[in-house]
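Enquirer: Note that numbering that gives the first Met the number 0 numbers the sequence shown so that position 248 is 247, with each residue one more than the last.
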Amino acid sequence: MIKYPSSIDEMIDKYKDLLSISDEPINLGCTLIDQPNQADIRWDSSSKTWFLRFNANVPMFALVHELGHIYFARKKSKYVYFACYRNDPEIDDRLYPLLNNLLDCFINYNLTLFNEIYHLYQAIVFEYLDQIEIFKEHIIHTKVPIVLLSWYILFFIDHNYLIKKQERAIRSNEMTQLRFYLKKQILQSSSEVDELILNTFTEKIKNFDNIKAINDPKTILNFFIDVLQATTLWDKSTLKKQVILSYPKIQL
Ligand SMILES: [Zn+2]
């Protein structure tokens, strides 16, 4: 049995309660992840149990975020495929970081409606701003445009729609700087994404604000397609097929 801090058990129970998912069987720390700050969740259909894996030093918000996938799938959209990513050899791997981060924005929006969770979320967002120089180096050394675009989605939505207005005003300089570095690195690392494409991509992401509270999976998946199409890396019919493979049983 791998050891993990016993206090995590209690905290997980507390947040399961808060999210009204106490009846969900979750097996904790069955395998510890070696990447720092990481957690993930998967459904095991044979044992009908969720497996929540995490690094021993994981921030509490990362764990609550994984619970948020179950909460969102069950309570908001009643759509189980929002709880964990579907593996299929026909799914284009490059889509994973983008689809994952788009979905995460909806999970985080729903979690931040709980005051008890908002402060955990805010701490993580501000940590990136506190360590902006370190993260800037990390951005500069990342040469994969898809990964950079997926970070851009998260930061754009964190900064503009999830962090409370008064807090946004205090940290707006650093937020703008962080997104500036990201944009610059996307343009430098990609031969396909130019400034015009990045601007259209940003405009499409802004639609999040209009649909963030929606419970309908179809609207959410069409939003994913719309944003991804703006990258020009895939055409609409390819994206539609890929999104159906990733999130099946929805008539798009
Ligand atoms: Zn997630």
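All C-beta atoms, glycine included, are put in the ideal place defined by N, C-alpha and C.
So, Asn-206 versus Asp-225, is the Cβ gap smaller than 8 Å?
Expert: Locating residue 206 in the sequence shown gives position 207, where the first residue counts as 1. Locating residue 225 in the sequence shown gives position 226, where the first residue counts as 1. In contact: Asn-206 and Asp-225 (Cβ atoms closer than 8 Å).
Enquirer: Kindly indicate which three-state DSSP category Arg-73 falls into: helix, strand or coil?
Expert: Numbered from 1 along the sequence shown, position 74 holds the residue referred to as residue 73. Helix.
Enquirer: Is Thr-48 helix, strand or coil by DSSP?
Expert: As a first step, residue 48 must be located in the sequence shown, where it is residue number 49. Strand.
Enquirer: Is the region 7 to 15 in contact with the region 61 to 71, if contact means three or more CB pairs nearer than 8 Å?
Expert: yes
Enquirer: For Leu-102, list the residues DSSP reports as bridge partners.
Expert: Locating residue 102 in the sequence shown gives position 103, where the first residue counts as 1. Beta-bridge partners assigned by DSSP to Leu-102: none are found.
Enquirer: Between which two residues does the alpha helix (DSSP H) holding Trp-233 run?
Expert: By one-based count along the sequence shown, residue 233 stands at place 234. From DSSP, Trp-233 is part of no alpha helix (DSSP H); its letter is neither H nor E.
Enquirer: Let me check understanding here. Comparing Cα to Cα, which of Asn-221, Val-124, Ile-69 and Ser-189 lies closest to Thr-141?
Expert: The sequence position of residue 141 within the sequence shown is 142, counting from 1. Nearest option by C-alpha distance: Ser-189.
Enquirer: Under the criterion of a Cβ to heavy atom distance below 7 Å, does Asn-99 qualify as lining ligand 1?
Expert: The residue given as residue 99 occupies position 100 in the sequence shown. Yes - ligand 1 has a heavy atom lying nearer than 7 Å to the Cβ of Asn-99.
Enquirer: Rounded to a whole number of angstroms, what is the C-alpha to C-alpha distance between Tyr-78 and Tyr-84?
Expert: One-based indexing of the sequence shown puts residue 78 at position 79. One-based indexing of the sequence shown puts residue 84 at position 85. So the two alpha carbons sit approximately 12 Å from each other.
Enquirer: Across which residues does DSSP place Leu-27 in a beta bridge pair?
Expert: Sequence index remark: in the sequence shown, residue 27 carries index 28 (1-based). Leu-51, per the DSSP bridge assignment.
Enquirer: Using three-state DSSP, classify Asp-215 as helix, strand or coil.
Expert: The residue given as residue 215 occupies position 216 in the sequence shown. Looking at Asp-215 - three-state DSSP - the assignment turns out to be coil, as it is neither helix nor strand.
Enquirer: Heavy atom of ligand 1 less than 7 Å from the Cβ of Ile-25, yes or no?
Expert: Counting from 1 along the sequence shown, the entry for residue 25 is found at position 26. Because no heavy atom of ligand 1 lies under 7 Å away, the Cβ of Ile-25 does not count as near it: no.
Enquirer: Please state whether DSSP places Arg-85 in a helix, a strand or coil.
Expert: Counting from 1 along the sequence shown, the entry for residue 85 is found at position 86. The answer is coil: DSSP assigns Arg-85 none of H, G, I, E or B.
Enquirer: Output yes or no for whether 8 Å exceeds the beta carbon distance between Arg-178 and Phe-155.
Expert: Here the question's residue 178 lines up with position 179 in the sequence shown. Here the question's residue 155 lines up with position 156 in the sequence shown. Result yes, Cβ atoms of Arg-178 and Phe-155 sit closer than 8 Å.
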